[in-house]
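In our numbering, the protein residues as written are 206 to 333.
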């Protein structure tokens with residue numbers, strides 16, 4: 206089971222000089238993807254228990270469009286192991302002018318992660 210969201214990073218998301226986006230913002234997107242996956246699988250938002258790994262691979266700037274994808278790869282009694290990937294699909298081009306942007310021919314992977322979410326038995330609404 207997979208889920209994907211696409212979001213434009215805004216100046217509000219910028220945390221560092223040069224309009225660089227904080228990596229925590231990307232993890233927040235993974236949290237939203239995980240929530241959708243849990244709702245689709247269990248009928249409940251569940252809880253994010255822990256990340257096993259997080260790799261920040263490329264910078265993200267205000268004006269970039271990020272596509273975050275997640276997939277449930279292992280199912281336990283109450284746990285759901287997931288993998289995530291965030292790609293930059295549109296890049297801001299402030300070097301051209303303040304409103305320039307371009308669709309990337311090849312998306313750039315900006316972050317990969319894996320983690321575990323939990324849905325207590327009594328909150329699992331769908332029988333598998």
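Every residue gets a Cβ at the ideal spot worked out from N, C-alpha and C, and that includes glycine. All of these numbers come straight from a predicted model, not from anything done at the bench.
Query, Result
"Host beta strand (DSSP E) of residue 221 (start-end)", "219-221"
"Those residues which DSSP pairs with residue 321 across a bridge", "255 and 286"
"Residue 271 beta carbon less than 7 angstroms from that of residue 308", "no"
"Extent of the continuous beta strand (DSSP E) run through residue 263", "Where residue 263 is concerned, there is no enclosing beta strand (DSSP E), given that its DSSP letter is neither H nor E."
"Contact the region 224-234 vs the region 306-322: 3+ CB pairs below 8 angstroms", "yes"
"Beta-carbon gap between residue 243 and residue 323 smaller than 7 angstroms", "no"
"As assigned by DSSP and simplified to three states, the class of residue 305", "coil"
"Among 319, 275, 265 and 284, the one whose alpha carbon lies nearest that of residue 297", "265"
"Simplified DSSP state of residue 236, which is helix, strand or coil", "helix"
"Collapsed DSSP secondary structure at residue 250 in the structure displayed", "coil"
"Candidates 225, 285, 300 and 302: closest to residue 245 by CA position", "285"
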